[in-house]
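J.:
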Amino acid sequence: AQSVTQLDSQVPVFEEAPVELRCNYSSSVSVYLFWYVQYPNQGLQLLLKYLSGSTLVKGINGFEAEFNKSQTSFHLRKPSVHISDTAEYFCAVSEPPSGNTPLVFGKGTRLSVIA
Amino acid sequence: DGGITQSPKYLFRKEGQNVTLSCEQNLNHDAMYWYRQDPGQGLRLIYYSQIVNDFQKGDIAEGYSVSREKKESFPLTVTSAQKNPTAFYLCASNGRGLGQPQHFGDGTRLSIL
Numbered sequence: 001a002q003s004v005t006q007l008d009s010q011v012p013v014f015e016e017a018p019v020e021l022r023c024n025y026s027s028s029v030s031v032y033l034f035w036y037v038q039y040p041n042q043g044l045q046l047l048l049k050y051l052s053g054s055t056l057v058k059g060i061n062g063f064e065a066e067f068n069k070s071q072t073s074f075h076l077r078k079p080s081v082h083i084s085d086t087a088e089y090f091c092a093v094s095e096p097p098s099g100n101t102p103l104v105f106g107k108g109t110r111l112s113v114i115a
Numbered sequence: 001d002g003g004i005t006q007s008p009k010y011l012f013r014k015e016g017q018n019v020t021l022s023c024e025q026n027l028n029h030d031a032m033y034w035y036r037q038d039p040g041q042g043l044r045l046i047y048y049s050q051i052v053n054d055f056q057k058g059d060i061a062e063g064y065s066v067s068r069e070k071k072e073s074f075p076l077t078v079t080s081a082q083k084n085p086t087a088f089y090l091c092a093s094n095g096r097g098l099g100q101p102q103h104f105g106d107g108t109r110l111s112i113l
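Protein sequences appear in the order of chains A and B. Oh and the first sequence: position 42 is 42 in my numbering, straight run, nothing missing. Oh and the second sequence: position 101 is 101 in my numbering, straight run, nothing missing.
1) Determine the burial state of A/I83: buried for a count of at least 16 other Cβ atoms within 10 Å of its Cβ, exposed for fewer.
2) Can you check whether the C-beta of B/D54 is within less than 8 Å of a C-beta belonging to chain D?
3) Considering just the uninterrupted stretch of the beta strand (DSSP E) at A/T109, what are its terminal residues?
4) In three-state DSSP terms, what is A/N61?
5) Buried or exposed for A/N41, going by 16 or more other Cβ atoms inside 10 Å?
6) To the nearest angstrom, how far is it from the Cα of A/K69 to the Cα of B/N94?
7) For B/S80, collect the residues of the same chain with a Cβ closer than 7 Å to its Cβ; drop the 5 residues on either side in sequence, then sort them by chain order.
8) Out of B/T108, B/S73, B/G42 and B/G97, which has the shortest C-alpha to C-alpha gap to A/S3?
9) How many Å lie between A/S118 and B/F12 at the Cα?
10) So which of A/Y25, A/P12 and A/Y32 has the shortest CA-CA distance to A/T101?
11) Starting from B/P101, find everything on chain A with Cβ-Cβ shorter than 8 Å and list it in chain order.
12) Just checking: is the beta-carbon of B/F74 within a distance shorter than 8 Å of some beta-carbon in chain A?
13) Note down the Cα distance separating A/V93 from B/C23, rounded to an integer number of angstroms.
14) Would you report the Cα separation of A/A87 and A/T109, rounded to the nearest angstrom?
15) Against chain B, does A/P40 count as a neighbour if the rule is that its beta carbon must be under 8 Å from one of theirs?
16) Listed from N- to C-terminal order along the chain, which residues in the segment 57-80 of chain A have their beta-carbon within a distance smaller than 8 Å of any beta-carbon of chain B?
17) Applying a beta-carbon distance threshold of less than 8 Å, which residues of chain B neighbour A/S9?
18) Which word fits B/G107, buried or exposed, when buried means at least 16 other C-beta atoms lie within 10 angstroms of its C-beta?
19) May I ask you to check if the CB of A/A92 is nearer than 7 Å to at least one heavy atom of the ligand ADP?
20) Measure the alpha-carbon distance for B/S49 versus A/H75 and round it to whole angstroms.
21) Using alpha carbons as the reference points, say which of A/L47, A/S80 and A/E95 lies closest to A/E15.
22) Applying the criterion that 16 or more other CB atoms from any shown protein chain within 10 Å of the CB defines a buried residue, is A/K78 buried or exposed?
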């Protein structure tokens, strides 16, 4: 069965500093990968997704992620964070064909941006 | 605007009581999902449905039940058999096609009185 490991449960970072949130997945077959963000007491919003093609994926709010097949990783990065980026971030994976199949989520990383 | 509506936002359950969480979508999506979120646990799948009148158990289905009588609606009942129901419940949906992301509602927080 698929599994997703988010290596850091909490990441504190100063405002305007860069950040990387790490995600590793277990599957050795082709996968689809997603990053979601959750603000307090809200649902999840899609930040970006990787299906195929270029391994560097750009998303909303200045985030990007790099797919590394050999390391089975999909780390999320932002070059300069803002206070408004404080939230919980979830990495998720599914196996093709994945039109209607459930995602497997990591346990989340809480990003705290310090002024 | 298209989206997923969950209601109520907050819900309280008495011991021995069944409660039903509502999830409605107007995105014309075929598939719908229910997740449970506990602090530090991520999202765990309760049930999902890929088509009307059909649904499958997820990883933690015990103590829960669902129905899918209409494409737009996927209510979740938390039964008295669920001994630890206090959690944040999230409903999601997605359409057909490869790599379609799931769209989420704003959740229902269930607490025990």
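Even for Gly, the Cβ is constructed at its ideal location relative to N, Cα and C.
T.: Well, looking at it:
1) Against the first sequence, residue 83 of chain A aligns to sequence position 83. If you draw a 10 Å sphere on the C-beta of A/I83, you find fewer than 16 other C-beta atoms in it, and that means exposed.
2) The chain inventory of the structure shown lacks chain D, comprising the protein chains A and B.
3) Here residue 109 of chain A is taken as the residue at index 109 of the first sequence, counted from 1. Its beta strand (DSSP E) spans residues T109 to I114.
4) The count along the first sequence starts at 1 and reaches residue 61 of chain A at position 61. Residue state, collapsed to three classes: helix.
5) Translated into positions along the first sequence, residue 41 of chain A becomes position 41. A/N41 comes out exposed.
6) Looking up residue 69 of chain A in the first sequence gives position 69. Looking up residue 94 of chain B in the second sequence gives position 94. Using only the alpha carbons, I get a separation of about 26 Å.
7) Residue mapping note: residue 80 of chain B aligns to position 80 of the second sequence, counting from 1. Result list for B/S80: G16, Q17 and N18, in chain order.
8) Within the first sequence, the letter at position 3 stands for residue 3 of chain A. With distances taken between Cα atoms, A/S3 lies closest to B/G42.
9) Any answer about residue 118 of chain A is impossible in this case: the structure gives chain A only from 1 up to 115.
10) Residue numbering aside, residue 101 of chain A sits at position 101 when the first sequence is read from its first letter. Ranking the options by Cα distance to A/T101, first place goes to A/Y32.
11) For the purposes of this step, residue 101 of chain B is taken as residue 101 along the second sequence, with counting starting at 1. Result: F34, L46 and K49.
12) Your numbering for residue 74 of chain B matches position 74 in the second sequence. With respect to chain A, the C-beta atom of B/F74 has no partner C-beta closer than 8 Å.
13) To locate residue 93 of chain A, count along the first sequence from 1; it is residue 93. To locate residue 23 of chain B, count along the second sequence from 1; it is residue 23. Counting only the Cα atoms, B/C23 lies some 24 Å from A/V93.
14) On the first sequence, residue 87 of chain A is found 87 positions in, with the first residue counted as 1. On the first sequence, residue 109 of chain A is found 109 positions in, with the first residue counted as 1. For A/A87 and A/T109, the distance between alpha carbons rounds to 8 Å.
15) Residue numbering aside, residue 40 of chain A sits at position 40 when the first sequence is read from its first letter. Not closer than 8 Å to any Cβ of chain B, the Cβ of A/P40 fails to qualify, so no.
16) Within the segment 57-80 of chain A, contact with chain B at the beta-carbon level (separation under 8 Å) is assigned to no residue.
17) On the first sequence, position 9 is the one that residue 9 of chain A refers to. Per Cβ cutoff of 8 Å: G40.
18) Mapped onto the second sequence, residue 107 of chain B falls at position 107. A residue is called buried when at least 16 other Cβ atoms come within 10 angstroms of its Cβ; B/G107 meets this threshold and is buried.
19) The ligand content of the structure shown is nil, which means the ligand ADP is not present either.
20) Taking the second sequence and counting its residues from 1, the one referred to as residue 49 of chain B is at position 49. Taking the first sequence and counting its residues from 1, the one referred to as residue 75 of chain A is at position 75. In a straight line, the C-alpha of B/S49 is about 30 Å away from that of A/H75.
21) In the first sequence, residue 15 of chain A corresponds to position 15, counting from 1. Distance check between A/E15 and each of A/L47, A/S80 and A/E95 places A/S80 closest, using alpha-carbon atoms only.
22) The residue you call residue 78 of chain A lines up with position 78 of the first sequence. Looking at its Cβ environment, which holds 16 or more other Cβ atoms inside 10 Å, A/K78 is buried.
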